[in-house]
Structures are given as structure tokens and as C-alpha cells.
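Visitor: Structure provided below as C-alpha cells; questions to follow.
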RNA sequence: GGCGCAUUCGUCUAGUGGUUAGGACGCAAGGUUCUCAACCUUGAAACAGGGGUUCAAUUCCCCUAUGCGCUACCA
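Now the structure itself:
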């Protein structure tokens with residue numbers, strides 16, 4: 027049975043790239059009837075926080091990925107990792123390195139690495155550590171004398187490692203390009219490469235599905251598997267998600283846009299965002315794009331993953347383009363087509379958080395509430411729209427869009443008399459439903475020798491504060507006689523700037 | 001600096017040794033008419049560049065360019 031894991035390091039919120047990695051792991055597990063596990067890689071004690079762990083798990087839950095077994099915390103296994111390093115030392119497959127640890131600069135680590143490499147040039151040999159072939163008794167003696175040391179893997183001088191990546195194909199790397207990696211720090215803490223390998227073995231992981239940034243490091247892990255005499259799992263590396271312009275998508279430069287919780291907080295339907303994420307770097311055989319969780323599970327295969335990085339397109343300077351257009355479109359598509367039963371709870375919690383919720387909506391006004399939601403969702407993009415653009419349906423306290431007031435009211439000064447007059451007509455209607463309202467509106471316009479649109483567009487602004495919205499006749503019906511009449515008579519909109 | 005990976009419309013992508021290079025988002029135009037940011041229809045829009053191999057290359061090979069990743073006693 028396949029066993030996969032999602033292994034985030036808790037050093038911040040859940041990045042959308044990580045969320046997609048979790049998604050692919052989850053889909054792979056479900057598609058093949060395997061297990062989806064979660065392991066929190068908290069070996070970097072300095073940077074790991076509990077709050078981050080909490081927010082990552084919350085994010086996974088929102089997307090609907092519950093782990094099939096208890097969550098593993100990597101730091102709990104540190105002793106085992108240490109034992110493993112010691113065992114390799116014992117077997118002569120690793121050695122003690124007594125070189126004093128050099129303090130690395132905090133800022134641009136990458137630049138420092140490149141600089142060092144440039145200086146060392148071609149004469150640098152990755153095998154020339156003086157302690158690599160230190161006599162065993164001498165090594166033991168120095169360790170006995172409490173001299174600090176790190177444990178490094180003894181990579182053989184000749185040959186190469188290779189593995190067949192499920193996405194990128196055959197990968198080969200010369201040993202001469204791989205240094206003797208550190209397994210255990212001089213302070214006794216295990217390092218990442220050792221920890222992942224040990225834990226993946228311990229957890230019985232069969233497929234490692236992770237970001238492409240791990241592709242070249244995989245060779246180091248293969249070397250550890252070999253030293254341990256254990257068959258490595260199958261690796262499948264995923265293309266990265268980039269920012270517009272092909273740059274790295276980072277918190278530092280792109281802010282909250284990279285955090286999964288942003289999407290929840292800004293009114294995304296989890297299923298819609300999940301659907302969008304799935305299409306970034308993977309595609310189904312069919313041309314369908316709207317895929318629910320079950321569809322994704324059925325269609326998902328490693329073969330469908332492509333190799334080039336995907337750009338997550340958005341415009342930080344344009345509020346309507348705050349995230350990828352297609353993601354927004356997809357969210358709108360979900361909102362207007364999903365079963366009402368599923369949408370209602372989401373709208374309820376949105377209204378609750380904006381203090382617009384009334385218990386009657388779940389009770390005696392339930393039918394009315396569902397009708398309203400069903401009508402207004404047609405033009406909405408996010409769940410937030412229910413409390414913003416749709417606010418007038420749930421509260422008397424709503425704003426008027428100045429552009430709408432200018433275009434549909436101020437430009438037609440006569441409406442200031444007509445709307446209250448029309449209110450009188452509506453008030454007299456015994457049957458306040460579609461046809462009678464429509465007739466009354468038509469009659470009124472004939473009398474005033476004006477077009478229906480002028481009256482209704484003006485009414486829309488007066489009743490909802492918006493220039494766009496559902497059919498106005500329907501809006502009258504939904505708001506009811508009392509509120510319609512009151513708002514038509516109100517001068518509030520006219521006094522807006 | 002070294003090593004690795006990638007490159008099809010603006011973006012996400014499909015695809016093949018011979019195709020009108022397909023779809024989606026976005027964009028544009030037209031339609032609908034009570035509004036449009038909804039809906040319907042139509043349209044513009046791509047094989048990074050240069051060499052090979054071949055009857056034929058977007059597809060296979062090489063080089064260049066560009067981007068990304070790794071290169072750490074980070075994960």
C-alpha cells in the first residue's frame with residue numbers, strides 16, 4: 027500500500043506552494059487507496075514555532091486534508107536520528123569532523139556560498155577533509171577528550187548516484203559534485219537530510235512527493251539510504267510556483283498573497299481554491315477544468331504533472347486583481363453553481379463575522395434567505411461579496427457607491443420626485459409579487475413618458491446602493507414592500523457626495 | 001563559480017516526426033436590455049534563438065540565451 031507524507035517545516039504560515047504539495051500528496055494517496063500522513067519538520071529549533079504548526083494544520087483542515095494517522099513531530103525522533111548517525115560512524119560509513127564550526131553570516135547565505143566557490147575555483151576537492159581518513163583510534167581519543175565534532179557521511183570518491191524521478195525522469199550526479207554532508211551537528215542535533223531519510227523509513231513512506239527545490243539534494247538522501255542498506259522510495263518532484271515575472275514567490279516581496287489563510291479570509295470557497303491549485307503544474311487528460319475533490323482524486327496521476335514552473339499571476343496594484351484572475355473566476359464559478367445547501371453555511375459564517383446574521387434566516391425566514399442567496403450569488407466573486415455588495419439585503423446600514431449615485435440618480439434629477447411617487451404606487455399593491463410590480467413599473471414609466479430602465483436603474487441604486495445587481499423586479503420582491511417603499515422615499519442616496 | 005532542471009498564446013495548460021497547434025482565464029467586438037463585474041456569440045493571441053538529423057521538425061540531438069533550483073554544522 028502506498029504511503030505518502032506532507033512534511034512542512036513550521037517556520038511561518040502555510041505557503042500556497044506547500045498547500046499544493048499537500049494536495050498532490052493527498053490526491054495521490056486517495057487515488058491509489060493509500061495513506062496520507064503529515065510530519066512536522068521542526069528540527070530547526072530556532073525558527074520553528076507552535077503557532078506556525080497550528081496555522082499549517084488549520085490550513086490543511088480548511089482544504090479538507092485530514093491525515094490518516096497521528097501527526098509525527100520530527101523533533102521527537104532526534105534520538106533515533108542520532109543513533110543512526112552513530113551507527114554509520116561505527117560502521118566506518120561516516121566520520122568525525124573536528125573542524126571548528128565557522129560562524130555563518132545571517133543575511134545572504136547563498137551569496138556567501140557562491141563567493142566561496144568562486145574563490146576556491148577548480149582546485150577545490152570535495153574529498154579533502156583532513157579528518158576523512160583520520161585513524162580510528164585517534165578519532166576516538168579526540169572525541170573522548172571532549173573535542174567537539176560533527177559527523178559527516180563518507181561519500182565514495184568514485185562513481186555517481188542515480189534515481190528515476192517520477193516527474194523529471196532519470197537523474198544522475200557525480201560523487202565528485204557531492205560533498206561529505208553533515209549528518210549530525212557538533213551540538214548533537216541531526217540535520218535535515220538525515221532526519222528525512224530516517225523518518226521516511228520509519229514511517230514506511232513509499233513515494234516522496236515534494237517541491238523541485240529538493241531535486242538535487244535527493245542524491246544526498248540516496249547516499250544515506252545506500253549507507254543504511256535500505257531501498258529508497260520513489261521520488262516525484264513538483265515544479266515550483268513563481269511570482270509574475272518568473273521570480274520567486276516569497277513572503278518578503280509578495281506578502282499575504284502567498285499565505286493560504288489569506289484566501290480563506292478573503293472569501294474563497296475551499297473547493298474552488300483547491301481546484302485552482304490542482305491545475306497549477308498538473309492537468310487531467312480531459313479538458314474539464316471544474317473538478318471537485320472526487321473528480322480530482324479519480325483523475326490524479328503522477329504522469330499528469332508537468333515539468334516547468336508555473337507563474338501565479340496577480341497585480342498587487344489592482345484591488346480587483348489582487349490574486350490570479352483564474353482563481354477568482356473559479357471561485358465565482360463555484361459560488362454561482364455549487365449546491366445551495368453547501369453554500370448557505372459559508373454565507374452564514376460570512377454574515378456572522380460581519381454582524382449581519384439573524385437567527386431567523388435559519389428558521390422562519392429560511393426560504394426567503396435561500397432565495398436571496400440564490401439570486402445574488404450570480405454576480406459574486408467571493409464570499410465577502412455577500413456582506414459587501416449584498417449588504418443591502420441584510421441590513422439597513424449599507425453604503426452607496428458614489429459612481430452609481432452619479433450615473434443613475436444625479437444624472438436624472440426627476441427621479442428625486444419619481445421614486446417616492448413610485449413608492450406610493452407600490453405601497454398600494456395588494457399582491458407584491460413579480461407581475462404586479464412589473465406592471466406597475468411599466469405603467470408608471472408610460473405616464474412619465476420615460477424608459478423603464480431609467481426608473482429601475484435609479485431604484486437599484488436607491489435600494490441596494492449598487493449600479494449592478496439582480497433584476498430589479500426580483501430585488502423589489504425579495505426586499506419586500508415595506509423596505510422597498512421606505513428606501514424609495516429615502517433621501518439618503520441623494521445626499522451622498 | 002560549479003552542478004542540475006526548465007522553455008507552446010499575457011497567464012494556466014493540451015498535443016504531435018506531416019494538425020487549420022486544442023482548451024481555460026484574461027482581453028476585444030457584437031448580442032441580450034432594467035444595470036453588468038452576469039449570460040450568449042465571435043475574434044485577436046504561442047511552439048525562445050541558432051545549428052544539425054530527416055523527404056518533413058513545435059516534436060529528436062547539440063549550442064546559445066533566459067529563468068529557476070541546489071551548492072549551509074537551514075529545512
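Numbering (this note's numbering), first residue to last: 27 to 523.
Where a beta carbon is used, it is the ideal one built from N, C-alpha and C, also for glycine.
Remember, it's a predicted structure, so these values are computed and weren't measured experimentally.
(1) Considering only their Cβ atoms, is the gap separating residue 188 from residue 179 smaller than 8 Å?
(2) Spatial neighbours of residue 107 within its chain, please: CB distance less than 6 Å, with the 5 preceding and 5 following residues excluded, ordered by chain position.
(3) When burial is assigned at 16 or more other CB atoms within 10 Å of the CB, is residue 350 buried or exposed?
(4) Please go through the same chain and pick out, in chain order, the residues whose beta-carbon is closer than 6 Å to the beta-carbon of residue 434, but skip the five residues on each side of it.
(5) Classify residue 100 as buried or exposed, calling it buried when 16 or more other Cβ atoms lie within 10 Å of its own Cβ.
(6) What residue does the beta strand (DSSP E) around residue 327 start on, and which one ends it?
(7) Check whether the region 333-351 touches the region 263-280, counting contact only when three or more Cβ pairs, one atom from each stretch, lie closer than 8 Å.
(8) When you compare only the Cα positions, how much space is there between residue 400 and residue 421?
(9) Rank 489, 44 and 508 by C-alpha distance to the C-alpha of residue 264 and give the top, closest one.
(10) Is the separation between the beta-carbon of residue 366 and that of residue 396 shorter than 8 Å?
(11) Which value, in whole angstroms, describes the spacing of the CA atoms of residue 280 and residue 348?
(12) Taking only the alpha-carbon atoms, compute the straight-line gap between residue 62 and residue 457 and give it to the nearest angstrom.
(13) Count Cβ pairs between the region 489-500 and the region 421-430 that sit closer than 8 Å; are there 3 or more?
(14) Would residue 209 and residue 114 be called neighbours here (beta carbons separated by less than 8 Å)?
(15) Per DSSP, which one or two residues make a beta bridge with residue 178?
(16) Within the chosen definition, does the region 277-296 reach the region 233-249 through at least 3 CB pairs nearer than 8 Å?
(17) What's the gap between the Cα of residue 414 and the Cα of residue 50?
(18) So what does residue 213 bridge to, in DSSP terms?
(19) Fully enclosed by the region 53-141, which beta strand (DSSP E) runs are 3 residues long or longer?
(20) Is it buried or exposed for residue 27, if we count other Cβ within 10 angstroms and need 16 for buried?
(21) Going by DSSP in three states, residue 165 sits in which element: helix, strand or coil?
(22) On the criterion of 16 or more Cβ atoms from any shown chain inside 10 Å, does residue 295 qualify as buried, or is it exposed?
(23) On the DSSP bridge list, what partners appear for residue 30?
(24) If you reduce the DSSP assignment to three classes, tell me which class residue 373 lands in.
(25) Taking the alpha-carbon positions, what's the residue 244 to residue 355 distance?
(26) Residue 522 by DSSP, collapsed to three states: which one?
(27) With DSSP as the reference, label residue 193 as helix, strand or coil.
(28) For the beta strand (DSSP E) that contains residue 260, what are its first and last residues?
(29) In this structure, how does DSSP classify residue 244 when only helix, strand and coil are distinguished?
(30) So the candidates are 462, 459, 474 and 455; which of them puts its Cα closest to the Cα of residue 443?
(31) Is it true that the region 322-332 meets the region 67-82, where meeting means three or more beta-carbon pairs spaced less than 8 Å apart?
(32) Would you report the Cα separation of residue 333 and residue 47, rounded to the nearest angstrom?
(33) Could I get the ranges of all uninterrupted alpha helix (DSSP H) runs contained in the region 274-321, with 4 residues as the minimum, in chain order?
(34) Indicate the three-state DSSP secondary structure (helix, strand or coil) for residue 349 in the structure shown.
Guide: Let's see:
(1) No, the Cβ-Cβ distance between residue 179 and residue 188 is not below 8 Å.
(2) 216, 220, 221 and 224
(3) buried
(4) 483, 484 and 487
(5) buried
(6) Segment: none, residue 327 is in no beta strand (DSSP E) and carries neither H nor E.
(7) yes
(8) 18 Å
(9) 44
(10) yes
(11) Roughly 11 Å separates the two Cα atoms.
(12) Looking at the two C-alpha atoms, the distance is approximately 58 Å.
(13) yes
(14) yes
(15) Residue 178 pairs with 121 and 208.
(16) They do not touch, by the three-pair rule.
(17) 34 Å
(18) For residue 213, which the question treats as bridged, DSSP gives no partner whatsoever.
(19) Entirely contained in the region 53-141, the beta strand (DSSP E) runs reaching 3 residues are, in chain order, 61-66 and 120-123.
(20) exposed
(21) helix
(22) buried
(23) For residue 30, which the question treats as bridged, DSSP gives the partners 62 and 233.
(24) Helix, per DSSP.
(25) If you take the alpha carbons of residue 244 and residue 355, they lie about 37 Å apart.
(26) The answer is coil: DSSP assigns residue 522 none of H, G, I, E or B.
(27) coil
(28) 260-264
(29) Residue 244 falls in the helix class under three-state DSSP.
(30) For the residues 462, 459, 474 and 455, the minimum Cα distance to residue 443 belongs to 474.
(31) The answer is no - the region 67-82 does not touch the region 322-332, with fewer than three Cβ pairs under 8 Å.
(32) So the alpha carbons of these two residues sit roughly 14 Å apart.
(33) 277-280, 286-291 and 296-304
(34) The DSSP-derived three-state label of residue 349 is coil.
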